[in-house]
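K.L.:
Printed below as a string of structure tokens:
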């Protein structure tokens with residue numbers, strides 16, 4: 001097997017986990033409360049907001065990358081932070097993709113929870129925030145599903161990561177951008193191998209989450 | 219999952235820490251030079267071979283971003299890189315003229331080749347030069363015997379292809395998509411598509427990408443049918459991004475890079491570089507007078523500038 005370009009597969013795997021994991025955590029911390037709030041409240045335009053959220057499931061990752069690029073480019077408003085072509089930019093771009101996904105699935109999950117539960121808790125003296133937390137706990141399986149789907153979206157995406165990360169060896173090269181590089185260079189076998197590594201890693205993450213669930217830590 | 223109110227503050231803190239970690243350099247303390255180049259330059263493996271020399275000489279790390287030519291120039295215009303290594307002479311000249319780059323210095327050239335099926339229905343191998351070859355492809359294309367696959371992405375390769383059609387007196391916009399396929403893809407993918415046009419497919423490719431795909435068995439039916447015409451030379455040049463425009467660029471290190479890559483030692487390395495299959499790909503041509511263009515503002519303060527056209 002020939003490679004004109006060499007790099008450390010372990011390093012890029014860890015970086016993939018770091019970038020996509022962070023994006024999932026950040027995206028979920030924003031998406032879950034957002035989804036719960038939208039799912040539980042009744043307000044004008046709720047239907048429209050839900051439709052927009054679900055539409056964003058199909059938001060092209062490259063566009064998210066372009067958006068982050070324009071903001072953090074030297075020519076852009078936040079260029080002085082020097083975030084472009086660093087893992088931070090990749091995390092932000094992926095977070096934008098995770099948020100609508102997590103929010104949308106959370107909306108669906110909390111809507112399934114019996115409305116009486118929220119009313120009961122409120123009538124027992126709970127604050128609005130505490131009541132929301134209670135409903136989230138009831139919809140917990142759905143919320144975890146939302147987070148897992150969000151992680152799936154993040155770990156598999158390549159357009160945004162390539163755009164704002166630059167696929168710099170040792171700095172912003174992750175599994176998906178490596179697959180793109182290897183495919184472009186014609187090393188199809190190697191590309192597939194990296195794809196298998198990615199699937200194993202994703203499987204590991206989900207197994208770990210299942211393990212936590214079984215021990216009631218999640 | 220238990221009550222999470224007290225954890226919120228901790229989690230927020232953790233997130234901030236995580237984000238900060240992400241932007242910290244892997245090796246803090248060492249200078250970094252951001253080099254934006256094209257995918258064909260990067261994929262040839264040349265940079266991986268020569269850059270360690272620069273990194274140790276100047277005690278720095280070079281971050282290489284490899285994207286399509288158009289994107290590389292955009293990155294340069296936005297000041298997101300310190301120096302560019304590209305191969306689109308017309309765009310480069312405009313880039314420097316518009317004040318985005320300080321200067322344009324020739325580095326080396328490699329060659330484009332016209333590839334096609336062994337059966338060569340268009341008789342490209344008998345063509346006397348690249349222009350003649352393209353005329354033959356056009357002739358046979360319109361008759362249904364040949365198909366030309368184009369990059370269609372404004373890359374250096376695509377720009378070169380378009381210039382050959384112009385030289386042949388042909389108007390690309392009149393080409394029917396029954397024989398002229400504009401794909402908007404990278405060189406490797408275009409070669410793959412050409413291979414699939416059994417006994418008909420022709421394309422313009424750089425040598426490095428062709429050899430890689432040929433030797434790894436992906437394009438077993440494509441042969442080099444025509445090469446050597448100076449029109450097919452693919453000139454690489456190095457352009458530092460203008461610090462007057464973008465003060466945040468590492469102008470000193472960028473200038474060092476230009477001097478380094480045109481130095482006799484490195485020019486020698488470039489000339490001796492072979493790909494994984496033993497092919498020498500590059501002809502270094504950064505001789506005296508190879509500074510081809512200089513940004514108009516600072517040219518007022520220059521004694522003599524040697525201009526070379528190509």
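Residue numbers (our numbering), protein chains in the order written: chain A, 1 to 218; chain B, 219 to 528. We treat Cβ as the ideally placed atom computed from N, Cα and C, and that holds for glycine. Because the structure is a prediction, the values reported are computed rather than measured.
(1) Taking only beta-carbon positions, decide if residue 261 of chain B is within less than 9 angstroms of chain A.
(2) To the nearest angstrom, how far is the alpha carbon of residue 206 of chain A from that of residue 426 of chain B?
(3) Label residue 252 of chain B either buried or exposed according to how many other C-beta atoms from any shown protein chain fall within 10 Å of its C-beta, with 16 as the threshold for buried.
(4) Between residue 386 of chain B and the rest of its own chain, which residues show a CB-CB distance below 6 angstroms, the 5 nearest in sequence each way excluded?
(5) Roughly how many angstroms lie between the CA atoms of residue 414 of chain B and residue 440 of chain B, to the nearest whole one?
(6) Which residues of chain B have a Cβ atom closer than 9 angstroms to the Cβ of residue 150 of chain A, listed in chain order?
(7) Looking only at its own chain, which residues have a Cβ that is under 6 angstroms from the Cβ of residue 340 of chain B, when we skip the five neighbours before and after it?
(8) Using a Cβ cut-off of 9 angstroms (strictly closer), state whether residue 244 of chain B contacts chain A.
(9) 9 angstroms is my cut-off, CB to CB: does residue 206 of chain A come that close to chain B?
(10) Is the Cβ of residue 184 of chain A closer than 9 angstroms to any Cβ of chain B?
(11) Is there a C-beta anywhere in chain A that falls below 9 angstroms from the one on residue 296 of chain B?
(12) If we cut at 9 angstroms on Cβ distances, does residue 222 of chain B have a partner in chain A?
(13) Taking Cβ-Cβ distances shorter than 8 angstroms, what residues in chain B pair up with residue 67 of chain A?
(14) Between A/158, A/60 and A/138, which has its C-alpha nearest residue 112 of chain A's C-alpha?
(15) Between the Cα of residue 89 of chain A and the Cα atoms of A/102, A/67, A/101 and A/100, which residue gives the shortest distance?
(16) Between residue 424 of chain B and residue 278 of chain B, what straight-line distance do the alpha-carbon atoms span, to the nearest angstrom?
(17) Kindly list the residues whose CB is nearer than 8 angstroms to the CB of residue 455 of chain B, restricted to its own chain and excluding five residues on each side of it in sequence; keep chain order.
(18) Under a three-way DSSP split, which group does residue 329 of chain B fall into?
(19) Return the chain-ordered list of same chain residues with a C-beta closer than 7 angstroms to the C-beta of residue 452 of chain B, the five sequence neighbours on each side being excluded.
(20) Taking Cβ-Cβ distances below 7 angstroms as the criterion, which residues of the region 461-473 of chain B are in contact with chain A?
(21) Who does residue 74 of chain A pair with in a DSSP beta bridge?
(22) When the Cα atoms are used, what is the spatial distance from residue 185 of chain A to residue 401 of chain B?
(23) Can you tell me the Cα-Cα spacing of residue 244 of chain B and residue 195 of chain A, whole angstroms?
(24) Between residue 299 of chain B and residue 361 of chain B, what straight-line distance do the alpha-carbon atoms span, to the nearest angstrom?
(25) Taking 9 angstroms as the CB-CB limit, is residue 75 of chain A close to chain B?
(26) Starting from the beta carbon of residue 408 of chain B, find every residue of chain A whose beta carbon is closer than 8 angstroms, and list them in chain order.
(27) Would a check of beta-carbon distances place residue 431 of chain B closer than 9 angstroms to chain A?
(28) Beta carbon of residue 172 of chain A, beta carbon of residue 61 of chain A: below 9 angstroms?
(29) Within 9 angstroms (strictly less), CB to CB, does residue 404 of chain B reach chain A?
(30) Spell out whether any CB of chain B is found under 9 angstroms from the CB atom of residue 13 of chain A.
(31) For the region 422-450 of chain B, which residues have a CB atom closer than 7 angstroms to at least one CB atom of chain A, in sequence order?
(32) Let's test the definition: count the other Cβ atoms within 10 Å of the Cβ of residue 471 of chain B and tell me whether it reaches 16, buried, or not, exposed.
(33) Note down, in chain order, every chain B residue with its Cβ under 7 angstroms from the Cβ of residue 168 of chain A.
(34) Please tell me whether residue 319 of chain B has its Cβ less than 9 angstroms away from any Cβ of chain A.
(35) According to DSSP, is residue 415 of chain B helix, strand or coil?
(36) Give a yes or no on whether the C-beta atoms belonging to residue 124 of chain A and residue 27 of chain A are separated by under 9 angstroms.
P.N.:
Walking through what the data contain:
(1) At least one chain A Cβ lies under 9 angstroms of residue 261 of chain B.
(2) Taking the straight line joining both Cα atoms gives about 41 angstroms.
(3) By the neighbour-count rule (16 or more Cβ atoms within 10 Å), residue 252 of chain B is buried.
(4) Taking residue 386 of chain B as the centre and dropping the five residues before and after it, the same chain places the C-beta of 349, 352 and 353 closer than 6 angstroms to its C-beta, in chain order.
(5) Residue 414 of chain B and residue 440 of chain B have their C-alpha atoms roughly 10 angstroms apart.
(6) In chain order: nothing, as chain B lies at least about 15 angstroms away.
(7) Spatial neighbours of residue 340 of chain B in its own chain (CB-CB distance under 6 angstroms, excluding positions within 5 residues in sequence) are listed in chain order as 354, 355, 358 and 364.
(8) Only weak support exists for where residue 244 of chain B lies, its pLDDT of 47 falling under 50; the value from the coordinates is given anyway. Taking Cβ atoms only, chain A reaches closer than 9 angstroms to residue 244 of chain B, which makes this a yes.
(9) It does not: the Cβ of residue 206 of chain A has no partner Cβ on chain B nearer than 9 angstroms.
(10) By this cut-off, residue 184 of chain A is an interface position.
(11) So yes, residue 296 of chain B belongs to the interface.
(12) Annotation note: pLDDT 48 at residue 222 of chain B (below 50); position unreliable, coordinate value reported separately. At least one C-beta of chain A is nearer than 9 angstroms to the C-beta of residue 222 of chain B.
(13) Within 8 angstroms Cβ-Cβ: nothing; residue 67 of chain A doesn't reach chain B, min ~14 angstroms.
(14) For the options A/158, A/60 and A/138, the alpha carbon positioned closest to that of residue 112 of chain A is the one of A/138.
(15) Cα-wise, what sits closest to residue 89 of chain A is A/67.
(16) Rounded to the nearest angstrom, the gap between the Cα atoms of residue 424 of chain B and residue 278 of chain B is 31 angstroms.
(17) By the criterion of a C-beta distance shorter than 8 angstroms, residue 455 of chain B is surrounded in its chain by 303, 304, 305, 307, 310, 322, 323, 324, 325 and 510, once the five residues flanking it on both sides are discounted.
(18) Looking at residue 329 of chain B - three-state DSSP - the assignment turns out to be strand.
(19) 305, 327, 328, 329, 330, 374, 378 and 424, listed in sequence order.
(20) Per Cβ criterion, the list reads 464 and 466.
(21) According to DSSP, residue 74 of chain A bridges with nothing at all.
(22) Their backbone Cα atoms lie some 17 angstroms apart in a straight line.
(23) Here residue 244 of chain B scores only 47 on pLDDT, less than 50, and its place in the model should not be relied on; the value that follows carries that caveat. The straight-line gap from Cα to Cα measures roughly 25 angstroms.
(24) Each residue's Cα considered, the two are about 47 angstroms apart.
(25) Interface criterion met: the Cβ of residue 75 of chain A is under 9 angstroms from a Cβ in chain B.
(26) Within chain A, no residue has its beta carbon less than 8 angstroms from that of residue 408 of chain B; the closest one is some 11 angstroms off.
(27) Yes - at least one Cβ of chain A is within 9 angstroms of the one on residue 431 of chain B.
(28) Residue 172 of chain A places its beta carbon 9 angstroms or farther from that of residue 61 of chain A.
(29) Residue-level contact by beta carbon holds for residue 404 of chain B and chain A, with a gap shorter than 9 angstroms.
(30) Residue 13 of chain A does not count as touching chain B.
(31) Going along the region 422-450 of chain B in chain order, one finds 430, 431, 434 and 436 with a Cβ nearer than 7 angstroms to chain A.
(32) Answer is buried; the Cβ neighbour count reaches 16.
(33) Within 7 angstroms Cβ-Cβ: 281, 282 and 283.
(34) With 9 angstroms as the cut-off, residue 319 of chain B does not count as an interface residue toward chain A.
(35) Three-state result, residue 415 of chain B: coil.
(36) The answer is no: Cβ separation not under 9 angstroms.
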